[in-house]
Amino acid sequence: MIKWHELNKYQKAAFWCLIAIVGWFSPEIALLFHFGGIEVVFAILAMYSLPIIRLVRSYLQKIREKLLLVYVSFQKSASGKPNVFLMQTVFCCIAVALTGSFSFAMVFLMPGMMLNNILT
Numbered sequence: 059m060i061k062w063h064e065l066n067k068y069q070k071a072a073f074w075c076l077i078a079i080v081g082w083f084s085p086e087i088a089l090l091f092h093f094g095g096i097e098v099v100f101a102i103l104a105m106y107s108l109p110i111i112r113l114v115r116s117y118l119q120k121i122r123e124k125l126l127l128v129y130v131s132f133q134k135s136a137s138g139k140p141n142v143f144l145m146q147t148v149f150c151c152i153a154v155a156l157t158g159s160f161s162f163a164m165v166f167l168m169p170g171m172m173l174n175n176i177l178t
């Protein structure tokens, strides 16, 4: 565990700011500081922050899992293959050239993706 005397000036200043913010919402921190000193407050704040850190870690883990799922799904999908991407590009370019409308060209993305196995 980190000791108070091992912290540099910036870490100590950040901790004092944290004490001021937490002390505003938790007056018992001031009482702990008065009777126990900075080491007790440091330990209590470390214990207070553990559930928040665990919650943030679980959210980050869920985000990583979802991003990995999206990445793997895209790799396995038809759009992740070069010949499918080329076919979709050809569909869109033909649609833009014929209609002059980019939004109408996007309508051609889905048939190109769905029927690509038949077309290539």
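Just so you know, we're using the working numbering here: the sequence shown kicks off at 59 and counts up by one.
Cβ atoms here follow ideal geometry from the backbone N, Cα and C, with glycine treated the same way.
Note that the structure is predicted; figures quoted are calculated from it, not measured.
Cβ-Cβ separation, residue j to residue i (assumed contact under 8 angstroms), whole Å
| i | j | result |
| --- | --- | --- |
| phenylalanine 73 | phenylalanine 100 | 7 angstroms |
| tryptophan 62 | glutamate 86 | Their Cβ separation, rounded to whole angstroms, is 19 angstroms, which puts tryptophan 62 and glutamate 86 out of contact at 8 angstroms. |
Within 9 angstroms, strictly: CB atoms of residue i and residue j
| i | j | result |
| --- | --- | --- |
| tyrosine 106 | valine 80 | yes |
| valine 165 | alanine 153 | yes |
| leucine 113 | isoleucine 102 | no |
Residue i - DSSP class collapsed to helix/strand/coil
| i | result |
| --- | --- |
| glycine 95 | coil |
| histidine 63 | helix |
| valine 154 | helix |
| asparagine 161 | With the sequence shown as reference, residue 161 is identified as serine, and asparagine is not the correct amino acid for it. It is helical. |
| proline 85 | coil |
Residue i to residue j span [Cα, whole Å]
| i | j | result |
| --- | --- | --- |
| glutamine 133 | leucine 126 | 11 angstroms |
| glutamine 69 | alanine 104 | 14 angstroms |
| isoleucine 110 | glutamate 123 | 20 angstroms |
| cysteine 150 | leucine 108 | 52 angstroms |
| threonine 178 | glutamine 146 | Low confidence applies to threonine 178: its pLDDT is 47, below 50, so where it sits in the model is not reliable enough to give any reading. |
| lysine 120 | glycine 95 | 39 angstroms |
| alanine 71 | serine 159 | 58 angstroms |
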